[in-house]
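Take 2 as the starting number for the sequence shown in my numbering and just add one per residue.
The beta-carbon is built from N, C-alpha and C at its ideal position, and this holds for glycine as well.
In this text, all values refer to a predicted model and were calculated from it rather than measured experimentally.
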Amino acid sequence: MAQFLRVCKPEICCVARSYGTQRYQQNHYETLNVSPDASQKDIRQAFIRLSKRLHPDTSGKQDHADFVKLNEAYTILGKESARRQYDFELKYCRYNPSYTYHSQSTCILRIFAFAFPDLCLLLHVHVEAKNLMQLMQLPYCCRQYGSQWEYEVRTAGGPWPPSQQKPNAFFGLLIALVFCGLGLLQLIFMFYTIKVRKIVTLRNARIENEYQQIRNSAHTRTNQFVIKNINSAEDLNEYLTKDGNEC
2 MAQFLRVCKP EICCVARSYG TQRYQQNHYE TLNVSPDASQ KDIRQAFIRL SKRLHPDTSG
62 KQDHADFVKL NEAYTILGKE SARRQYDFEL KYCRYNPSYT YHSQSTCILR IFAFAFPDLC
122 LLLHVHVEAK NLMQLMQLPY CCRQYGSQWE YEVRTAGGPW PPSQQKPNAF FGLLIALVFC
182 GLGLLQLIFM FYTIKVRKIV TLRNARIENE YQQIRNSAHT RTNQFVIKNI NSAEDLNEYL
242 TKDGNEC
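Below is the structure:
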């Protein structure tokens, strides 16, 4: 028995791996009874509702397997990152039941061939040929890709990895010219503002100077006119009296 397990270990692992693949490829959206477009809140509410109904403490041990599937579905769909990965695999690497069935059958036949070598000798060539045909008939979408971007690029016939695009020198030169133009406009506006400020200051100084000259001239003319009108002592006394009253 130990020799049998040691020799047939790869085949036994193959059967276990096929069973695990079948469990993994269950539709978690159907398990939670939600649509693929459901929000995280809807998924959480569906899990709470179904867990209350399928919990072994309330429904008995007959629903234990369904409760395990429910927990597995919520573990994947409850996290956004795991859900995105699951949606990608569900869309582009969809489970092929015929391939898994034949792979599992092949592993079982190999175990059977070890136990009954004479009986299965005639079936060996047929089984290997059948396996080869199954591998050749695998759909294209069952290949494993590193990302959804790689899948879309390869299916579109593009090269992978995509060639690195060289930066456009003309675009960089255009951006540099735009920044230089903006800096030049800023300098022009600054010098124009300084020039206008100087012009306004000089104009105000000139207007103030003209006003002062006009005022001084008017004051001088008034004094001369008053002095010319003083022709006698009475006029002088009258002028001094008026000037004293004004003061």
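* State the DSSP-derived secondary structure class of Lys80, mapped to helix, strand or coil. => coil
* Unbroken alpha helix (DSSP H) run spanning Ser52, endpoints -> 41-55
* To do: Identify whether Asn28 lies in helix, strand or coil by the three-state DSSP scheme.
  => coil
* What's the C-alpha gap between Leu218 and Leu185? -> The displayed chain sequence assigns Ser, not Leu, to residue 218. When rounded, the distance between both Cα atoms is 49 Å.
* To which residues of the same chain is Leu136 closer than 6 Å at the C-beta, ignoring the five residues directly before and after it? -> Because Leu136 carries a pLDDT of 47, less than 50, the predicted location of this residue cannot be relied on, and the following value inherits that uncertainty. Contacts found: none.
* Simplified DSSP assignment, three categories, for Asn257 -> Missing from the structure shown is residue 257; the chain here goes from 2 to 248 and no further.
* Asked: Just how far apart, CA to CA, sit Gly79 and Ile44?
  -> 7 Å
* What did DSSP end up calling Trp150 once you bin it into helix, strand or coil? -> helix
* Asked: Beta carbon of His56, beta carbon of Phe68: below 8 Å?
  -> yes
* Distance, Cα to Cα, Asn169 vs Val179? -> 16 Å
* To do: Can you say whether Leu203 is buried or exposed, counting buried as having 16 or more other CB atoms within 10 angstroms of its CB?
  => exposed
* Assuming Leu33 and Tyr75 form a contact by the criterion Cβ under 8 Å, report the distance between their Cβ atoms to the nearest whole angstrom. => 7 Å
* Return helix, strand or coil for Val197, following the three-state DSSP convention. => helix
* Asked: Does Lys80 have its Cβ less than 8 Å from a Cβ in chain C?
  -> You won't find chain C in this structure, because it holds only one protein chain.
* Identify which residue in Leu188, Lys92, Ser40, Asp58 has its Cα closest to the Cα of Phe81. => Inspection of the sequence shows that residue 81 is occupied by Glu rather than by Phe. Of the candidates Leu188, Lys92, Ser40, Asp58, the one whose C-alpha sits nearest the C-alpha of Glu81 is Ser40.
* Asked: What is the DSSP secondary structure of Asp88, reduced to helix, strand or coil?
  -> helix
* Quick one: is Tyr30 buried, meaning 16 or more other Cβ sit within 10 Å of its Cβ, or exposed? -> buried
* What separation, rounded to the nearest whole angstrom, lies between the Cα atoms of Trp161 and Gln187? -> 47 Å
* How should Val201 be labelled, buried or exposed, when 16 other C-beta atoms within 10 angstroms of its C-beta is the threshold for buried? -> exposed
* Roughly how many angstroms lie between the CA atoms of Lys70 and Phe171, to the nearest whole one? -> 59 Å
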